[in-house]
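Participant: Position 35 of the sequence shown, counting from 1, maps to 359 under the numbering used here, and the rest follow consecutively. The beta-carbon is built from N, C-alpha and C at its ideal position, and this holds for glycine as well. Only a predicted model underlies this, so the values are computations on that prediction, with no experimental measurement involved.
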Amino acid sequence: MNILHISRTMGQGGAEKVVYQICKESNATYNMCVASTGGMHVETLKKSKVEHFVIPDIDLKNPFLILKTFFLLNRIIKKNQIDIIHSHHRMAAFYSRILCLFYHKIKRIYTAHNVFFNKVLFTNFSLKGSKIVAVGNGVKDNLINTFHINPKDIDIIYNSVSKPETIKYPEDDFIKNKKNNILIGTIGRLSEQKGMDVFISSIAQIINENDNVYGIIIGDGELKESLIQQVEKLKIQDHVLFLGYRSDVLELITAMDFIVLSSRWEGFPLTPIETFMMGKTIIASNISGNNEIVKDETNGLLFQKDNVGDLVEKMLKLIYDQDFKKQLEKNALKSYHDFYSYDVCIKKYMNLYKNGK
């Protein structure tokens, strides 16, 4: 069976990581290939003997690029005798819907990685006749309530991540020289969605209470320069480190005291699952997606979205109540094994390809 994944990029995002993992684990059973603009996961796909095809950015609405993308995808489908198109973006679902008007035997699968509230008619058209996967209950509810998708057409497959066989402790000087410093990490694209400005503001407040606190920002994105300016304006350059994109995210998590996820909206984020897998706990904004994974005062803490004061209060609780933090960490690791097993995630996708369910 030949399966084509269409993703906007194969860069640093959670959806891209899921695509890579599915391909890596399933390629021995099914012939996997990926079409996207490219990114850091292209090399890892190559190592797993998964072919990658470069296409224009599917989010661009330039008529010339749309025609070019249709032509390229059509050529990929013909050349590789594709049996299933698995889309990971609404525009990817649109392309696959149109293309399958000419390929009636090809099955279509769409994984909804996020929540949306716009383009209802477009989304309904793109997803019609497709098997739909929601990465969490919040995403499923969004599909039902906003886009009026029949619940029977939606499966839930929780995202997960695999744990490396060996964990090498990061060699960064700020980690080696940690001593009594408290390292609070945040991971994600430097974008409006991820609320990094809220994290920075909380660090500015918390160092008034504890000068040993350092905020570690792992990721890159379009707001990097404005976030650096925010740090400079607050005069906390010595307490906030921008690490950029890192391939050793899991290793960095082990070096943090805890993680913060200050998102303004999410589908089903990987960061809490990665954090739990490494036996650490997290403070997350109390929004759909986050609160599906993070159970307040059980495996982590929740704070009111955009509320810096509330976030600071929760940070101080974890800093000063070490017994409480250790209990959250213990429960977090159990949550990973009980609900977000990597093997279960991959098995469900394999069954979906094989049986359509």
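Quick one, are the C-beta atoms of Y344 and H376 less than 8 Å apart?
Facilitator: Stepping through the sequence shown from its first residue, residue 344 is reached at position 20. Stepping through the sequence shown from its first residue, residue 376 is reached at position 52. Taking 8 Å as the Cβ cut-off, Y344 and H376 do not qualify as a contacting pair.
Participant: Tell me whether the beta-carbon of Y673 lies closer than 8 Å to the beta-carbon of V485.
Facilitator: Within the sequence shown, the letter at position 349 stands for residue 673. Within the sequence shown, the letter at position 161 stands for residue 485. No; because the gap between Cβ atoms is not below 8 Å, this pair is not in contact.
Participant: If I follow the unbroken alpha helix (DSSP H) through A352, where does it start and stop?
Facilitator: Within the sequence shown, residue 352 is the residue found at index 28, counting from 1. Premise fails: A352 is in no alpha helix (DSSP H) and is neither H nor E.
Participant: Do I390 and I408 come within 8 Å of each other at the CB atom, strictly closer than that value?
Facilitator: Within the sequence shown, residue 408 is the residue found at index 84, counting from 1. Within the sequence shown, residue 390 is the residue found at index 66, counting from 1. Taking 8 Å as the Cβ cut-off, I408 and I390 do not qualify as a contacting pair.
Participant: Where S450 and T393 are concerned, what is the direct C-alpha to C-alpha distance, given to the nearest angstrom?
Facilitator: Looking up residue 450 in the sequence shown gives position 126. Looking up residue 393 in the sequence shown gives position 69. Cα-Cα distance, rounded: 16 Å.
Participant: Given this structure, state the Cα-to-Cα distance separating T435 from K503, to the nearest angstrom.
Facilitator: Indexing the sequence shown from 1 puts residue 435 at position 111. Indexing the sequence shown from 1 puts residue 503 at position 179. Near 44 Å, if we compare the C-alpha coordinates of K503 and T435.
Participant: Beta-carbon within less than 6 Å of Y660's beta-carbon, same chain only, minus the 5 sequence neighbours each way: which residues are those?
Facilitator: In the sequence shown, the residue the question calls residue 660 occupies position 336. Within the same chain, Y660 has close Cβ partners F600 and M601.
Participant: Give the straight-line distance between the Cα atoms of I400 and L626, rounded to the nearest whole angstrom.
Facilitator: Here residue 400 corresponds to residue number 76 of the sequence shown, with the count starting at 1. Here residue 626 corresponds to residue number 302 of the sequence shown, with the count starting at 1. Each residue's alpha carbon lies about 45 Å from the other.
Participant: Can you list, in chain order, the residues of its chain with a C-beta nearer than 7 Å to that of Q405? Leave out the 5 residues immediately preceding and following it.
Facilitator: As a working note, residue 405 is residue 81 in the sequence shown. So the qualifying residues of the chain are N326.
Participant: With three or more beta-carbon pairs closer than 8 Å as the criterion, would you say the stretch 626–643 touches the stretch 564–579?
Facilitator: no
Participant: With H, G and I counted as helix, E and B as strand and the rest as coil, what does DSSP make of V378?
Facilitator: On the sequence shown, position 54 is the one that residue 378 refers to. If DSSP states are grouped into helix, strand and coil, V378 belongs with the strands.
Participant: If you measure between the beta carbons of L652 and N614, is that distance less than 8 Å?
Facilitator: Walking along the sequence shown from the start, residue 652 turns up at place 328. Walking along the sequence shown from the start, residue 614 turns up at place 290. No. Outside cutoff.
Participant: Based on the DSSP output, what are the partners of Y434 in its beta bridges?
Facilitator: As a first step, residue 434 is located in the sequence shown; it is residue number 110 there, counting from the start. Paired residue(s): S411 and I456.
Participant: Let me check understanding here. Comparing Cα to Cα, which of K452, V537 and S612 lies closest to I643?
Facilitator: Taking the sequence shown and counting its residues from 1, one reaches residue 643 at position 319. The option with the nearest alpha carbon to I643 is V537.
Participant: Taking the beta strand (DSSP E) that D667 belongs to, which residues open and close that run?
Facilitator: By one-based count along the sequence shown, residue 667 stands at place 343. Taken as a continuous stretch (DSSP letters only), D667 belongs to no beta strand (DSSP E), being part of the alpha helix (DSSP H) at Y666 to N679.
Participant: Closest to R414 by C-alpha separation, out of P387, N398 and K452, would be which residue?
Facilitator: Along the sequence shown, read from residue 1 onward, the residue named residue 414 stands at position 90. Residue K452 is the option with its Cα nearest to R414.
Participant: What did DSSP end up calling L585 once you bin it into helix, strand or coil?
Facilitator: Position 261 of the sequence shown, counted from the first residue, corresponds to residue 585. Note: L585 maps to strand in three-state DSSP.
Participant: So, I542 versus V573, is the Cβ gap smaller than 8 Å?
Facilitator: Taking the sequence shown and counting its residues from 1, the one referred to as residue 542 is at position 218. Taking the sequence shown and counting its residues from 1, the one referred to as residue 573 is at position 249. Closer than 8 Å, so yes.
Participant: Using only the alpha-carbon positions, how far apart do E516 and E590 sit?
Facilitator: In the sequence shown, counting from the first residue as 1, residue 516 sits at position 192. In the sequence shown, counting from the first residue as 1, residue 590 sits at position 266. Distance between the alpha carbons of E516 and E590 is about 12 Å.
Participant: Between the C-alpha atoms of M356 and H329, what's the straight-line distance to the nearest angstrom?
Facilitator: Numbered from 1 along the sequence shown, position 32 holds the residue referred to as residue 356. Numbered from 1 along the sequence shown, position 5 holds the residue referred to as residue 329. Going by the C-alpha atoms only, they are around 8 Å apart.
Participant: For V439 versus V457, is the C-beta spacing smaller than 8 Å?
Facilitator: The count along the sequence shown starts at 1 and reaches residue 439 at position 115. The count along the sequence shown starts at 1 and reaches residue 457 at position 133. Contact: no.
Participant: To the nearest angstrom, how far is it from the Cα of M334 to the Cα of V636?
Facilitator: Translated into positions along the sequence shown, residue 334 becomes position 10. Translated into positions along the sequence shown, residue 636 becomes position 312. Their backbone Cα atoms lie some 34 Å apart in a straight line.
Participant: Short check: CB of I481 to CB of P475, under 8 Å?
Facilitator: Indexing the sequence shown from 1 puts residue 481 at position 157. Indexing the sequence shown from 1 puts residue 475 at position 151. Not a contact, by the Cβ cut-off of 8 Å.
Participant: Skipping 5 residues on each side, what residues in its chain have a beta carbon closer than 8 Å to that of D383?
Facilitator: Here residue 383 refers to the residue found at position 59 when the sequence shown is read from its first residue. Correct list, in chain order: R332, H413 and M415.
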